[in-house]
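As structure tokens, the structure follows; a few thoughts come after it.
Chains as they are written, first to last, in this note's numbering: chain P, 49 to 538; chain R, 43 to 114.
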């Protein structure tokens, strides 16, 4: 049997296993919106840990992580830096969000803010913002899945068909099993990826250089700028500290408020489960270290790979390494897992947010709980189809879209902080702050020359957002004390 | 510790931990991190740029774990 057939069969077998786990996990879920979106608030530590871990292991990390360390060296460490602090805010506000979620039945992020600020405009704006941020992310995950299939079969299965196969599986289990399908498949896929990351991350430096130490000796001698902070920029010249630091900052600020992760706070069985997930999150991020070793192992052994994101598949499938087809197949399944475990959470959240936060505020009380669940599922399919069609368009514009999306997401951070720490903040303050922050991001992304020092547009947005929110809140009458009392938690 | 002082003490500890994490965040960006973003000294064969960030990640885990255990 030719090697590619074995690789292909392993990959397919993996997909079937994911589907089986995804379908089996939804059986005990109640037939309500709360069941479909928040898993009846019953998720245990293991599942929640892996749902959050999947945020690290997206297609971007699995293919882009080695790509960054391969082409930009120490610049890739920014991912570890933000992971060190990114989820910590959850430890402080997460329990309060979860408590309010139980009390008032929230299942999405914007429901909390809409209620706190007694506003229909704020959740609707947040919904539009979230979905615009999700689509380019989904497109990248789908492209990653298609790429894996194409490499595995040596081009016999084209990329468009590969994305379609992988995401058909995702759609089936998300449609059927909701958040529990997402959770249990992520657990399975997460364990799989951890084993693979450490295995390959230690084996490749050993095979190519005789170990991790000798590998860095060789790079330090040949290209020292790669190992010194802040590494290299996209142009191959040393990166600016402004660029590095603001990438850490915007990611750390945005990370804890990404709507599809934020809403997972509501799924926790109890507060200790939630806190434990936050505590152990950095242990998952440590698995990025071997992923980066893979990229570094290729710097001297495989020079000139373009695009740099292809370095991992290039090394794994190379004759020089001589990995058996079974291992190559497992690697390809791992890359698929990375794509699917991020894509499923995005699809699930996009459907929930579009119906609960956007439609629910434009046409309040127009849908019953059963109808809501039906429409969320329909929207999951629609968003999946739209993203799939966009993934077929070749070109670089998507990277631009993704950059555009990260800044606006970080604008939710100041809103979250004031919600819990500053009762004086008013509806008008929150609304104008959000609009100002989003506007600044949009302007600086369209006209990058205005952003001083190579600092990320989102940072200027957060500063403007916070200032406007504070000033406008102080200029408008405070919200009623009886209303605010509802949000006091123990 | 009496019941009435408990929440107050928790707030104090939370504030201290929050300050620690803000400091940790600053330690990972300009102007602090550039002072440590050098290749030498190597730790377990890994350049100091990377060892420093992994150290911060580990420290983040340990501090939050201590807080969690203390609360229980």
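All residues carry an ideal CB built from backbone N, CA and C; glycine is no exception.
Does the Cβ of residue 316/P lie closer than 7 Å to at least one heavy atom of the ligand NAP?
Absence of the ligand NAP from the depicted structure is noted, as is the absence of any ligand whatsoever, leaving it without description.
Min CB distance residue 272/P to chain R below 8 Å:
As a working note, residue 272/P is residue 224 in the first chain. Interface residue, yes.
Test: residue 327/P CB closer than 8 Å to a CB of chain R
Residue numbering aside, residue 327/P sits at position 279 when the first chain is read from its first letter. Output row for residue 327/P: interface = yes.
Taking beta-carbon pairs under 7 Å, can you tell me which members of the segment 61-75 of chain R lie near chain P?
63, 66, 67, 70, 71, 72, 75
Helix or strand or just coil, what does DSSP make of residue 214/P?
To locate residue 214/P, count along the first chain from 1; it is residue 166. Note: residue 214/P maps to helix in three-state DSSP.
So, with DSSP's three-state summary, where would you put residue 440/P?
As a working mapping, residue 440/P is identified with position 392 in the first chain. Residue 440/P falls in the coil class under three-state DSSP.
Residue 59/P touches chain R at which residues, Cβ-Cβ below 7 Å?
Position 11 of the first chain, counting from 1, holds the residue named residue 59/P. Within chain R, no residue comes near residue 59/P; the closest Cβ sits about 32 Å away, beyond 7 Å.
Environment of residue 404/P [buried if 16+ CB atoms lie within 10 Å]:
On the first chain, position 356 is the one that residue 404/P refers to. It counts as buried.
Within the continuous alpha helix (DSSP H) that includes residue 513/P, where are the two ends?
By one-based count along the first chain, residue 513/P stands at place 465. From DSSP, the alpha helix (DSSP H) with residue 513/P extends over 505-523.
Chain P within 8 Å of residue 93/R, Cβ atoms only
Here residue 93/R corresponds to residue number 51 of the second chain, with the count starting at 1. It does not; no Cβ of chain P falls within 8 Å.
Is there a Cβ of chain P sitting closer than 8 Å to that of residue 53/R, yes or no?
Residue mapping note: residue 53/R aligns to position 11 of the second chain, counting from 1. Answer no: the Cβ-Cβ gap between residue 53/R and chain P never drops below 8 Å.
In three-state terms, what does DSSP make of residue 85/R?
By 1-based counting over the second chain, the position of residue 85/R is 43. Three-state result, residue 85/R: strand.
Do you know offhand how far residue 599/P's Cα is from residue 349/P's?
In the structure as shown, chain P begins at 49 and stops at 538. Residue 599/P is therefore absent and cannot be evaluated.
Which residue comes first and which comes last in the alpha helix (DSSP H) that contains residue 165/P?
Position 117 of the first chain holds residue 165/P. Note, residue 165/P: premise wrong, no alpha helix (DSSP H); not H, not E.
Give the straight-line distance between the Cα atoms of residue 104/R and residue 317/P, rounded to the nearest whole angstrom.
Start at 1 with the first residue of the second chain, and residue 104/R comes out as number 62. Start at 1 with the first residue of the first chain, and residue 317/P comes out as number 269. Those two C-alpha atoms are separated by around 24 Å.
Using Cβ-Cβ distances below 7 Å, what residues of the segment 117-150 of chain P are close to chain R?
122, 125, 128, 129, 131, 132, 133, 136, 139, 140
Leaving out five residues on either side along the sequence, give the residues of the same chain with a beta carbon under 6 Å from the beta carbon of residue 438/P.
Residue 438/P sits at position 390 when you count from the first residue of the first chain. The answer, listed in chain order, is 187.
Say whether the segment 127-134 of chain P touches the segment 347-361 of chain P, bearing in mind that this needs 3 or more beta-carbon pairs closer than 8 Å, one atom from each stretch.
no
Enclosing alpha helix (DSSP H) for residue 371/P [first to last residue]:
For the purposes of this step, residue 371/P is taken as residue 323 along the first chain, with counting starting at 1. Per DSSP, residue 371/P belongs to no alpha helix (DSSP H) and is neither H nor E.
Alpha carbon to alpha carbon, what distance is there between residue 424/P and residue 226/P?
Start at 1 with the first residue of the first chain, and residue 226/P comes out as number 178. Start at 1 with the first residue of the first chain, and residue 424/P comes out as number 376. Their Cα atoms are separated by approximately 10 Å.
What does residue 58/R touch in chain P if you count any residue whose Cβ is under 7 Å from its own?
Taking the second chain and counting its residues from 1, the one referred to as residue 58/R is at position 16. Under the 7 Å cutoff, chain P gives no residues; its nearest Cβ is about 12 Å from residue 58/R.
Based on Cα-Cα distance, which residue from 65/P, 295/P, 298/P lies nearest to residue 235/P?
For the purposes of this step, residue 235/P is taken as residue 187 along the first chain, with counting starting at 1. Nearest of 65/P, 295/P, 298/P to residue 235/P, Cα basis: 65/P.
How about residue 330/P: is its C-beta nearer than 8 Å to some C-beta of chain R?
Looking up residue 330/P in the first chain gives position 282. Yes, its Cβ sits closer than 8 Å to a Cβ of chain R.
In chain order, what residues of the same chain have a beta carbon less than 7 Å from the beta carbon of residue 270/P, not counting five sequence neighbours either side?
Mapped onto the first chain, residue 270/P falls at position 222. Once the five neighbours on either side are set aside, the close Cβ partners of residue 270/P are 348.
Considering only the alpha carbon of each residue, which of 346/P, 185/P, 183/P, 416/P lies closest to residue 266/P?
Here residue 266/P refers to the residue found at position 218 when the first chain is read from its first residue. The residue with the shortest Cα to Cα distance from residue 266/P is 346/P.
Length-filtered (3 minimum) beta strand (DSSP E) runs lying within the segment 95-155 of chain P:
none
Would you check if the distance between the CB atom of residue 309/P and the CB atom of residue 106/R is smaller than 8 Å?
Position 261 of the first chain, counted from the start, is the residue given in the question as residue 309/P. Position 64 of the second chain, counted from the start, is the residue given in the question as residue 106/R. Not closer than 8 Å, so no.
Select from the segment 306-327 of chain P all residues with a C-beta closer than 8 Å to any C-beta belonging to chain R, and list them in chain order.
320, 323, 324, 326, 327
Kindly indicate which residue of 81/R, 75/R, 66/R has the alpha-carbon position closest to the one of residue 268/P.
For the purposes of this step, residue 268/P is identified with residue 220 of the first chain, where counting begins at 1. Nearest C-alpha to residue 268/P: 81/R.
Just curious, the alpha helix (DSSP H) that residue 331/P is in, first and last residue?
Along the first chain, one-based indexing puts residue 331/P at 283. Per DSSP, residue 331/P belongs to the alpha helix (DSSP H) from 319-333.
For residue 521/P, which residues of its own chain have a beta-carbon under 7 Å away from its beta-carbon, when the five flanking residues on both sides are left out?
For the purposes of this step, residue 521/P is taken as residue 473 along the first chain, with counting starting at 1. Here the set comprises 472, 473, 474, 477.
For residue 545/P, does the count of other Cβ atoms within 10 angstroms reach 16, so buried, or fall short, so exposed?
Not covered by the structure: residue 545/P. The range shown for chain P is 49 to 538.
Beta carbon of residue 146/P nearer than 8 Å to that of residue 319/P:
Locating residue 146/P in the first chain gives position 98, counting from the first residue. Locating residue 319/P in the first chain gives position 271, counting from the first residue. Yes, Cβ-Cβ distance for residue 146/P and residue 319/P is below 8 Å.
Measuring only the C-alpha atoms, how far is residue 361/P from residue 254/P?
For the purposes of this step, residue 361/P is identified with residue 313 of the first chain, where counting begins at 1. For the purposes of this step, residue 254/P is identified with residue 206 of the first chain, where counting begins at 1. If you take the alpha carbons of residue 361/P and residue 254/P, they lie about 18 Å apart.
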